[in-house]
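Reviewing the structure listed below.
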Amino acid sequence: GAGVSQSPSNKVTEKGKDVELRCDPISGHTALYWYRQSLGQGLEFLIYFQGNSAPDKSGLPSDRFSAERTGGSVSTLTIQRTQQEDSAVYLCASRTIYNEQFFGPGTRLTVL
Amino acid sequence: AQSVTQLDSHVSVSEGTPVLLRCNYSSSYSPSLFWYVQHPNKGLQLLLKYTSAATLVKGINGFEAEFKKSETSFHLTKPSAHMSDAAEYFCVVTDSGGYQKVTFGTGTKLQVIP
Numbered sequence: 028g029a030g031v032s033q034s035p036s037n038k039v040t041e042k043g044k045d046v047e048l049r050c051d052p053i054s055g056h057t058a059l060y061w062y063r064q065s066l067g068q069g070l071e072f073l074i075y076f077q078g079n080s081a082p083d084k085s086g087l088p089s090d091r092f093s094a095e096r097t098g099g100s101v102s103t104l105t106i107q108r109t110q111q112e113d114s115a116v117y118l119c120a121s122r123t124i125y126n127e128q129f130f131g132p133g134t135r136l137t138v139l
Numbered sequence: 013a014q015s016v017t018q019l020d021s022h023v024s025v026s027e028g029t030p031v032l033l034r035c036n037y038s039s040s041y042s043p044s045l046f047w048y049v050q051h052p053n054k055g056l057q058l059l060l061k062y063t064s065a066a067t068l069v070k071g072i073n074g075f076e077a078e079f080k081k082s083e084t085s086f087h088l089t090k091p092s093a094h095m096s097d098a099a100e101y102f103c104v105v106t107d108s109g110g111y112q113k114v115t116f117g118t119g120t121k122l123q124v125i126p
C-alpha cells in the first residue's frame with residue numbers, strides 16, 4: 028500500500044510569510060508525528076497526535092508553529108511569520124501499533 | 013523520563029570490516045528500541061527494532077543489534093561493511109508507557125572507505 032506522503036516536497040518562501048505543510052499518513056495508523064531536521068542535525072520532535080487524545084505539543088519551538096489533524100488522518104503543520112531559522116526539512120511519520128514509525132519523504136522549507 | 017545517547021557522531025570503517033555503532037539509553041518504562049537509517053537525500057527507513065522479545069535482533073541489510081539491559085545499551089553491528097552502508101544511523105527509544113514518547117539520538121554518520 029501507499030506510504031506516508033508529504034506535500035509540497037520543496038517550499039521556498041519569504042521571511043514573514045505563512046506556510047502550510049501537509050502529511051498524509053498510512054491508512055489505519057492512529058499515531059502521527061512531526062519532526063524537524065536542520066542541516067547536519069538530528070531529528071527534533073515537534074508534535075505528536077495519538078487517536079482522539081490531546082496532542083503532545085511540547086516540541087513546538089514557538090507559538091508561530093501549530094498543527095492539526097483532521098478526522099484522525101491528514102495533518103497540517105502551519106508556520107506563521109516564517110523566519111530564516113525555520114529553514115529545515117520537516118518530516119512526518121505515522122506509527123503502527125508495534126511502535127514502528129514510517130516516515131514520509133519530508134518537505135524542504137527554505138525561508139529567504 | 014527517557015534519553016538516548018549515540019556515543020559516536022562519526023564512524024569510519026574500511027569496506028569488508030565490521031561495523032559497530034554504539035547507543036545507550038535510559039527509560040522509566042520497559043523500552044522499545046529502534047535503529048533507523050537515512051541515506052543522503054533520502055527518507056528515514058526502519059532498520060530493526062527491539063520490543064521485549066529476543067534480545068538479539070536481526071534487521072535488514074545484514075545489520076543486527078543486541079539489547080543489553082544491564083548495560084542499557086543497544087549497539088548496532090554488521091560483520092562486513094559495504095559501500096552502500098554509508099549513511100546516517102539513528103537510535104530511537106520509545107517508552108512502552110501510555111503516551112509512548114519517542115526520543116531520537118543525535119545520529120552517527122557512517123563512512124565506508126573502499
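First to last, the sequence lines map onto chains L and A. Residue numbers for the first sequence, in the numbering used here: 28 to 139. Residue numbers for the second sequence, in the numbering used here: 13 to 126. Even for Gly, the Cβ is constructed at its ideal location relative to N, Cα and C.
Simplified DSSP state of residue i, which is helix, strand or coil
i, result
"Glu95 of chain L", "strand"
"Glu71 of chain L", "strand"
"Glu47 of chain L", "strand"
"Ile124 of chain L", "coil"
"Asp113 of chain L", "helix"
"Asn79 of chain L", "coil"
"Glu100 of chain A", "strand"
"Asp20 of chain A", "coil"
"Val101 of chain L", "coil"
"Val31 of chain L", "coil"
"Phe42 of chain L", "The displayed chain sequence assigns Lys, not Phe, to residue 42 of chain L. In this structure, Lys42 of chain L counts as coil in the three-state DSSP scheme."
"Leu139 of chain L", "coil"
"Lys84 of chain L", "coil"
"Leu66 of chain L", "coil"
"Gln123 of chain A", "strand"
Beta carbon proximity, residue i to chain L, threshold 8 Å
i, result
"Leu56 of chain A", "yes"
"Ala17 of chain A", "According to the sequence provided, residue 17 of chain A is Thr. The question's Ala does not apply to it. Judged by the 8 Å Cβ criterion, Thr17 of chain A is not in contact with chain L."
"Thr67 of chain A", "no"
8 Å Cβ cutoff, residue i in contact with chain A
i, result
"Phe72 of chain L", "yes"
"Phe76 of chain L", "no"
"Glu112 of chain L", "no"
"Gly69 of chain L", "yes"
Nearest-angstrom Cβ-Cβ length linking residue i and residue j, presumed shorter than 8 Å
i, j, result
"Thr103 of chain L", "Glu47 of chain L", "5 Å"
"Val31 of chain L", "Ala120 of chain L", "7 Å"
"Ser64 of chain A", "Thr106 of chain A", "12 Å between Cβ atoms; not a contact."
"Val31 of chain A", "Lys90 of chain A", "4 Å"
beta-carbon residue i near the ligand ADP non-hydrogen atom, thresh 7 Å
i, result
"Thr40 of chain L", "The ligand ADP is not among the ligands present in this structure, which contains no ligands whatsoever."
Within 9 Å of chain L by C-beta, residues of the stretch 28-47 of chain A in sequence order | Listed by position, the residues of the stretch 28-47 of chain A near chain L (Cβ gap below 9 Å) are Ser44 and Phe46.
Name the residues in the stretch 97-126 of chain A whose C-beta lies less than 9 Å from a C-beta of chain L; which are they?
-> Within the stretch 97-126 of chain A, the residues whose Cβ lies closer than 9 Å to some Cβ of chain L are Glu100, Phe102, Val104, Thr106, Ser108, Tyr111, Gln112, Lys113, Val114, Thr115, Phe116, Gly117, Thr118 and Gly119, listed in chain order.
Using a Cβ cut-off of 9 Å, which residues of the stretch 70-97 of chain A contact any Cβ in chain L, in chain order?
-> Of all residues in the stretch 70-97 of chain A, none is placed with a Cβ closer than 9 Å to any Cβ belonging to chain L.
Ordered list of beta strand (DSSP E) runs contained in the stretch 44-98 of chain A, each at least 3 residues = At a cut-off of 3 residues, the continuous stretches assigned as beta strand (DSSP E) that sit fully inside the stretch 44-98 of chain A are 56-62, 68-70, 76-80 and 85-90.
Name the residues in the stretch 122-138 of chain L whose C-beta lies less than 9 Å from a C-beta of chain A; which are they?
-> Taking 9 Å as the Cβ-Cβ cut-off against chain A, the residues of the stretch 122-138 of chain L that qualify are Arg122, Tyr125, Asn126, Glu127, Gln128, Phe129, Phe130, Gly131, Pro132 and Gly133.
Positions along the stretch 52-65 of chain L whose CB lies within less than 9 Å of some CB in chain D = Structure shown: chain D not included; protein chains present are L and A.
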